[in-house]
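Numbering (my numbering), first residue to last: 3 to 341. Don't be surprised by glycine CBs; every beta carbon is placed ideally from N, CA and C. Just so you know, these numbers come straight off a predicted model, no measurement behind them.
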Amino acid sequence: MHTKWIRIIMIVLISLFPFFSYGLTADAASSTFVTKGSTTSKVVALTFDDGSDGGNITKILSILKSNNVKATFFLTGTGANNHPQRIKNIATATPTHQLGNHSYTHPDFTKLTTAQMTSELSKTETLIKSLTGRTTKPIFRAPFGASNSAVLAAVGNAGYTKTIQWNIDTTDWKGISSTAILARVVPNVVPGSIVLMHTGAGAPGTPVALPSMISQLKAKGYKFVTISELLQLPPSGSKTYTVKSGDTLYKIANLYNVSVASLAKANNITNYNLIKVGQVLVIPGTTPPPATVTYTVKAGDTLYSIATKYGVTVTALASANKITNVNLISVGQVLVIPK
Numbered sequence: 003m004h005t006k007w008i009r010i011i012m013i014v015l016i017s018l019f020p021f022f023s024y025g026l027t028a029d030a031a032s033s034t035f036v037t038k039g040s041t042t043s044k045v046v047a048l049t050f051d052d053g054s055d056g057g058n059i060t061k062i063l064s065i066l067k068s069n070n071v072k073a074t075f076f077l078t079g080t081g082a083n084n085h086p087q088r089i090k091n092i093a094t095a096t097p098t099h100q101l102g103n104h105s106y107t108h109p110d111f112t113k114l115t116t117a118q119m120t121s122e123l124s125k126t127e128t129l130i131k132s133l134t135g136r137t138t139k140p141i142f143r144a145p146f147g148a149s150n151s152a153v154l155a156a157v158g159n160a161g162y163t164k165t166i167q168w169n170i171d172t173t174d175w176k177g178i179s180s181t182a183i184l185a186r187v188v189p190n191v192v193p194g195s196i197v198l199m200h201t202g203a204g205a206p207g208t209p210v211a212l213p214s215m216i217s218q219l220k221a222k223g224y225k226f227v228t229i230s231e232l233l234q235l236p237p238s239g240s241k242t243y244t245v246k247s248g249d250t251l252y253k254i255a256n257l258y259n260v261s262v263a264s265l266a267k268a269n270n271i272t273n274y275n276l277i278k279v280g281q282v283l284v285i286p287g288t289t290p291p292p293a294t295v296t297y298t299v300k301a302g303d304t305l306y307s308i309a310t311k312y313g314v315t316v317t318a319l320a321s322a323n324k325i326t327n328v329n330l331i332s333v334g335q336v337l338v339i340p341k
């Protein structure tokens with residue numbers, strides 16, 4: 003009889019557990035491995051991996067802009083070091099593209115220690131932020147697509163909640179023709195497809211194939227989205243917090259002076275106890291304006307050439323900088339680029 007009552011009491015306590023214990027600390031969270039979006043809508047994500055040369059970035063951005071197509075660029079630290087202006091151009095291009103982390107030196111992550119993986123990610127994030135004012139979180143693409151449970155755990159704990167693979171590989175890096183690239187993409191796209199391409203000069207077929215790829219997919223009724231849009235992730239402008247070991251929902255809510263209920267609602271959390279280390283939470287009511295983009299005038303620049311570079315009108319550029327005479331700009335002058 004005594005044992006029976008102990009069991010009953012234990013069952014009652016377990017059933018009440020979620021209602022009074024949301025002070026429990028977070029568990030570790032692995033990154034989610036994604037090959038395509040789970041949707042029936044005709045949307046597709048074009049993604050570009052950037053390596054050390056980035057020779058086709060300018061052409062790709064021009065094509066995307068002229069077709070009003072968003073894409074996602076997975077950036078490396080070596081690429082950012084070798085062509086920083088092209089990285090800045092990706093970040094300031096219209097329409098707005100998403101940035102992701104593709105490591106610093108492009109190693110096989112399955113052969114690295116956790117500390118080495120974390121370093122690869124943090125060095126790239128720091129460099130990209132310094133160049134663009136934007137984060138690469140929460141998306142990561144493993145070099146060579148090489149991943150395993152240890153990799154997913156490490157990158158998840160580093161704040162990269164989604165590891166983005168693909169379901170269509172153009173193999174453009176092999177130098178194949180634009181016709182071959184189109185044959186790999188257009189007939190095989192399904193709702194939620196993620197298409198892998200590269201920005202390097204070693205993939206000359208990509209900028210040639212891209213206009214036709216876009217027009218053919220549009221003719222099939224497809225719309226082009228970023229990875230965050232495909233997976234319905236929080237907007238990049240939102241203030242976020244990456245859950246750390248020892249955190250609770252109450253502690254994070256108190257840190258930002260918001261209610262636990264509003265924090266849970268903003269992140270679709272139904273059980274206040276279930277938050278995980280590495281999970282990226284959106285803080286409700288804290289969406290700052292995008293980082294200001296500026297340009298320092300160089301010798302030979304004109305207001306027209308700068309406006310053309312950033313895809314804005316001379317009038318808008320002059321107005322944003324209170325310039326009354328469009329011919330009077332000075333070398334070293336810092337101009338704000340209007341959105």
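State the Cα-Cα distance for the pair Asn275 and Leu123, rounded to the nearest angstrom.
Computed Cα separation, rounded: 28 Å.
CB contact flag (Ile130, Leu77, <7 Å):
The answer is yes: Cβ separation under 7 Å.
Inside the stretch 24-89 only - alpha helix (DSSP H) runs reaching at least 4 residues:
With a minimum length of 4 residues, the continuous alpha helix (DSSP H) runs that stay inside the stretch 24-89 are 59-68 and 79-84.
Alpha carbon to alpha carbon, how far is Val284 from Gly56? Give it in angstroms, no decimals.
So the two alpha carbons sit approximately 32 Å from each other.
Considering Cα atoms alone, identify which of Gly313, Thr310, Asp303 and Val314 is closest to Val336.
Selected option, being the one with the closest Cα: Asp303.
Residue from Ala309, Asn269 and Thr172 with nearest C-alpha to Gly204
The option with the nearest alpha carbon to Gly204 is Thr172.
Could you name the residues of the same chain whose beta carbon sits closer than 6 Å to that of Arg88, not counting the 5 residues immediately before and after it, in chain order?
Taken in chain order, the residues that qualify are Gly56 and Ile59.
Extent of the continuous beta strand (DSSP E) to which Val336 belongs:
Run containing Val336: Val336 to Val338, per the beta strand (DSSP E) assignment.
Can we count Tyr162 as close to the ligand MN, meaning its CB is less than 6 Å from some heavy atom?
Judged by which ligands are present, the structure shown has none, so any question about the ligand MN falls away.
Looking only at its chain, what residues have a beta carbon closer than 6 Å to the beta carbon of Asn190, apart from the 5 residues adjacent to it on each side?
So the list reads Ile170, once near-sequence residues are dropped.
From Gly79 to Ser105, what does the alpha carbon distance come to, in whole angstroms?
Each residue's alpha carbon lies about 7 Å from the other.
Is the separation between the beta-carbon of Ile339 and that of Tyr297 shorter than 7 Å?
Tyr297 sits close to Ile339, with the two beta carbons spaced by under 7 Å.
Compare the Cα-Cα distances from Thr181 to each of Ala152, Ile308, Ala155 and Gln218 and report the closest residue.
Minimum Cα-Cα distance from Thr181 among the listed residues Ala152, Ile308, Ala155 and Gln218 corresponds to Gln218.
Closest to Ile229 by CA distance: which of Lys176, Phe75 and Leu251 is it?
Closest by alpha carbon: Phe75.
Mind reading off the beta-carbon distance from Lys246 to Val279? Whole number of angstroms is fine, and I expect it under 8 Å.
Indeed, because the Cβ distance is near 6 Å, the residues count as touching under 8 Å.
Within 8 Å, do at least three Cβ pairs link the stretch 60-67 to the stretch 109-117?
Touching, no.
Can you name, in chain order, every residue of its own chain whose Cβ lies under 8 Å from the Cβ of Pro209, other than the five neighbours on each side?
Closer than 8 Å at the Cβ level, and outside the excluded window around Pro209, lie Asn58, Lys61, Ile62 and Ile65.
When DSSP builds the beta bridges, which residues end up paired with Val197?
Leu48 and Ile170, per the DSSP bridge assignment.
Hey, out of Val227, Glu231 and Trp175, whose CA is closest to Pro206's CA?
Minimum Cα distance to Pro206 is reached at Trp175.
So, using beta-carbon positions, are Ala255 and Val262 closer together than 7 Å?
The answer is yes: Cβ separation under 7 Å.
Which term fits Phe50, buried or exposed, when burial requires 16 or more other beta carbons within 10 angstroms of its beta carbon?
Phe50 comes out buried.
For Thr289, the three-state DSSP class (helix, strand or coil)
Summary for Thr289: the model assigns pLDDT 43, below 50, so the residue's position carries little reliability, and this model does not support an answer.
I'd like to confirm the pairing. Which residues does DSSP put opposite Asn103 in its beta bridges?
Bridge pairing for Asn103: Leu77 and Phe142 [DSSP].
Within the same chain, show all residues whose beta-carbon is closer than 8 Å to that of Thr126, passing over the 5 residues directly before and after it, in chain order.
Answer for Thr126: Leu77, Thr78, Gly79, Ala82, Asn103, His104, Ser105, Tyr106 and Thr138, listed in chain order.
Quick one: Cα of Thr41 to Cα of Leu233, how far?
Rounded to the nearest angstrom, the two C-alpha atoms are 9 Å apart.
Quick one: which unbroken beta strand (DSSP E) runs of 3-plus residues sit fully inside the stretch 229-256? Chain order, please.
Runs of the beta strand (DSSP E) spanning 3 or more residues and lying entirely within the stretch 229-256 occur at 242-244, in chain order.
If you measure between the beta carbons of Lys164 and Val46, is that distance less than 7 Å?
At a Cβ-Cβ threshold of 7 Å, Lys164 and Val46 do not count as neighbours.
Report yes if the CB atom of Tyr162 is closer than 7 Å to the CB atom of Phe146, and no otherwise.
No, the Cβ-Cβ distance between Tyr162 and Phe146 is not below 7 Å.
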